[in-house]
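K.L.:
Sharing a structure below in structure tokens format, with a few things to ask.
Chains as they are written, first to last, in the numbering used here: chain A, 1 to 714; chain B, 1001 to 1098.
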């Protein structure tokens, strides 16, 4: 919520820019784009009530419009400018007064004295804002003293600075100061409005704003009480004498005081309280966690499902490879024996069955199993859509019915084909068994050796084909490359964004980089040897020494620990900046960890000394806006700090001050708006929030110097 | 399908089935049991099958014991070469021409 106490809606004087002219529609459109919620129209020596009313009506509910004027002051031959803003309730009388005073005098030549200004406008419940110092043409300190001496309430005089920095400096030197846009060109207003003073408390009316200028406790409490708060009883020091009742706002709550006054204990007690209420909270302590651990560079929590990366884990193939045994071939002596023996049995000579060559049973078996597999997949698909009620709702009964018809036809077709192939397979199988049986029975009856029915080549080759297929699949999956996992860690400002990169590779028997570690095991496992041996096996598929190589694989120490491709997965996790390896410094680590803590969506933030290891610029430009953004969305932010950038520039709804003296510990609560801190035990007198903040906090004075950006307490 | 020549070499100490694969000749000793030698031949046949299916034709005029053994052996082997080629094909292990 921003305030602009100095705007021009008309080119009135000759020297005014044409771009000060604005119509109601454009004005409304521009205001809607800004965060300006209070705006005073202060044209030169002129007030147009008709325009004021039109503008006010059009932005009703979006922005409060207050009536005002910028007068040319002539005092002891010195010319200067003074803004007057009056209570909107007095607008009619104000208009009449302006018309009476200016009369027929040209706005270019009109001037008025300080005495006449006060005499004529004080009655309208006015705020006087003279141009001051670098805001030209300015009133002198003497002029302002004169004005103050004539005005009953000195809080109604604010010095207009040229910008927020000047305003901050004046405030730091004890002046009540504010600045406005003094709009020159409405086309630039949206951008320029971003540097206007921000109202920390939601001011609802002109009267309320004036009461805030007076630091009226009742008004401040009324506004503060609109914010949700709860009173919490905690016992941070496990002492009945120090049970504390503290108010926590759904906004920024600052806990400050000298070191050793128990701020961390209070945060921990609050965390315990909130956890007991069912929230999940933890006190964020700067430097207590190492960024390497937070981002798990050691990979202790790293879980990678290689299936999701399109890699088969090949556990079946690896097990088959390790269990593979050689198939024996038919001994040549069997042929020699059979043909050497003279068949004497007449009946056996007439039998032809044993003379047949067995048929290829494996091919027909594979052919049948293909259809069986197809049938199973389609059946599973049918079960899937039949059981899924939600899918039925999505695609509708009609479409589902069409699908059902097609799938049923496919199943029927596969089933029919499967039946045929089963018959073929079994016919061949029976035929081959028949030959075997005849060969065996003839041998038994005649005493002749059995006739060999196979050379053993097909079984021998089939075994090697299966091994080759497994090895091929394993090596194909081992050779797959995996895209690194990159997660954003945080922003290091001008240096760029810091990322955490997880490089993943599968050990192929050649990777010797010690930076790459095993993902699933902390103990050393023989990944490299196993992968290298599988590669070696692939080169011996059609060589007699194949099974020697397989045996060597089994004999590798702990080779049983590699049972899938997952066991060969290696990782190297590190930080990168601009795509290069990077090790963040302690300060950079603190920056990103705190940033991430505040970026995490939580209901309650408990933060202990966020300023540790951080630079003032980072706190002011990144952390403070983040804290305020969280507060704006109604989160509870409780921060223990020694840093004025945080304790002052956030303008907390609630400041809890811890003090220690020879008699014990004391807790004060207050806020920057009332500028007071009240002792909870009533044993001590109230303290001045600003003085205590300046005294206690690191960088207190300079923090107050820049508070002109935020208009809340002057 | 390519057909290669198979012959029988007889001498005093025994007989050998000779399978000619181009310029390479694979020997299977008929009169001694040497399974590893047979496996070496099978490995070479399997490797060759990846380049295309083939069979053997026995060229031998002498109708003795070795002739009958080899005739049966070649018949069976031809049948098994054919089914193994099909298996290689099904498992996508055939060599593709580059």
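Glycine residues also receive a C-beta, built at the ideal position from the N, C-alpha and C atoms.
#1: Could you check where the alpha helix (DSSP H) with residue 519 (chain A) kicks off and where it finishes?
#2: Under three-state DSSP, which class holds residue 1017 (chain B)?
#3: Would you say residue 1047 (chain B) lies against chain A (beta-carbon separation less than 8 angstroms)?
#4: Any residues in the segment 329-344 of chain A with a beta carbon nearer than 7 angstroms to a beta carbon of chain B? Which ones, in chain order?
#5: What residue does the beta strand (DSSP E) around residue 68 (chain A) start on, and which one ends it?
#6: For residue 653 (chain A), name the three-state secondary structure that DSSP assigns.
#7: Quick check on residue 1030 (chain B): does DSSP put it in helix, strand or coil?
#8: Mind listing the chain B neighbours of residue 426 (chain A)? Cutoff is C-beta to C-beta under 7 angstroms, in chain order.
#9: How do the segment 201-212 of chain A and the segment 11-23 of chain A stand: do at least 3 beta-carbon pairs fall below 8 angstroms, yes or no?
#10: Using a Cβ cut-off of 8 angstroms, pull out every chain A residue sitting near residue 1025 (chain B), in sequence order please.
#11: Pick from A:307, A:101, A:599 and A:177: whose alpha carbon is nearest that of residue 120 (chain A)?
#12: With respect to the beta strand (DSSP E) encompassing residue 575 (chain A), which residues constitute its N-terminal and C-terminal limits?
#13: Is residue 1008 (chain B) close to chain A, meaning its C-beta is less than 8 angstroms from at least one C-beta of that chain?
#14: Got a sec: is the Cβ-Cβ distance from residue 1011 (chain B) to anything in chain A below 8 angstroms?
#15: Taking the continuous alpha helix (DSSP H) assigned at residue 599 (chain A), which residues delimit it?
#16: Look up residue 280 (chain A) in the DSSP assignment and say whether it is helix, strand or coil.
#17: So which of A:596, A:196, A:46 and A:485 has the shortest CA-CA distance to residue 96 (chain A)?
#18: When DSSP labels each residue in this structure, what does residue 1003 (chain B) get in the three-state scheme?
#19: From residue 276 (chain A) to residue 634 (chain A), what does the alpha carbon distance come to, in whole angstroms?
#20: Which first and last residues belong to the alpha helix (DSSP H) in which residue 679 (chain A) is found?
#21: Residues of the segment 445-475 of chain A in Cβ contact with chain B at a cutoff of 9 angstroms, in chain order, please.
#22: Report the rounded CA-to-CA distance for residue 1085 (chain B) versus residue 334 (chain A), giving the unit in angstroms.
#23: Answer yes or no: do residue 512 (chain A) and residue 478 (chain A) have a C-beta to C-beta separation smaller than 8 angstroms?
#24: Below 6 angstroms CB to CB, which residues in the same chain sit around residue 561 (chain A) once its five sequence neighbours on both sides are set aside?
#25: Touch check for the segment 71-84 of chain A and the segment 123-143 of chain A: three-plus C-beta pairs under 8 angstroms?
#26: Between A:291, A:154, A:1 and A:500, which lies nearest to residue 195 (chain A) when the distance is taken from Cα to Cα?
#27: Less than 7 angstroms between C-beta atoms, sequence neighbours within five positions excluded: which residues of the same chain meet that for residue 462 (chain A)?
#28: On the CB-based measure, 16 or more other CB atoms within 10 Å of its CB, does residue 197 (chain A) come out buried or exposed?
#29: According to DSSP, which residues form a beta bridge with residue 244 (chain A)?
#30: From the beta carbon of residue 1075 (chain B), is the nearest beta carbon of chain A less than 8 angstroms away?
#31: Can you tell me whether residue 87 (chain A) sits near the ligand SAM, meaning its C-beta is under 7 angstroms from at least one heavy atom of the ligand?
#32: Going by DSSP, what residues sit across from residue 253 (chain A) in a beta bridge?
#33: Please classify residue 233 (chain A) as buried or exposed, where buried requires at least 16 neighbouring CB atoms within 10 angstroms.
#34: Between A:256, A:390, A:386 and A:395, which has its C-alpha nearest residue 408 (chain A)'s C-alpha?
#35: Would you report the Cα separation of residue 709 (chain A) and residue 260 (chain A), rounded to the nearest angstrom?
#36: Please name the residues in the segment 524-550 of chain A whose beta-carbon is closer than 7 angstroms to at least one beta-carbon of chain B, in chain order.
P.N.:
Here's the rundown:
#1: It is not in any alpha helix (DSSP H) - residue 519 (chain A) carries neither H nor E in the DSSP assignment.
#2: strand
#3: yes
#4: 329, 331, 332, 333, 335, 336, 339 and 340
#5: 64-75
#6: coil
#7: coil
#8: By Cβ distance, chain B contributes nothing, its closest Cβ being about 17 angstroms from residue 426 (chain A), past 7 angstroms.
#9: no
#10: Correct list: empty, because the minimum Cβ distance to chain A is about 17 angstroms.
#11: A:101
#12: 569-577
#13: no
#14: no
#15: 586-599
#16: coil
#17: A:46
#18: strand
#19: 21 angstroms
#20: Here residue 679 (chain A) belongs to no alpha helix (DSSP H); instead the beta strand (DSSP E) covers 676-679.
#21: 451, 452, 453, 454, 455, 456, 457, 458, 459, 460, 461, 462, 464, 465, 466, 468, 469 and 472
#22: 26 angstroms
#23: no
#24: 525
#25: yes
#26: A:1
#27: 362
#28: buried
#29: A:234
#30: yes
#31: With respect to the ligand SAM, the structure shown offers nothing to examine, as it has no ligands at all.
#32: A:638 and A:654
#33: exposed
#34: A:386
#35: With a pLDDT of only 45 at residue 709 (chain A), under the threshold of 50, the placement of this residue in the model should not be trusted, and no figure is reported.
#36: 542, 543 and 544
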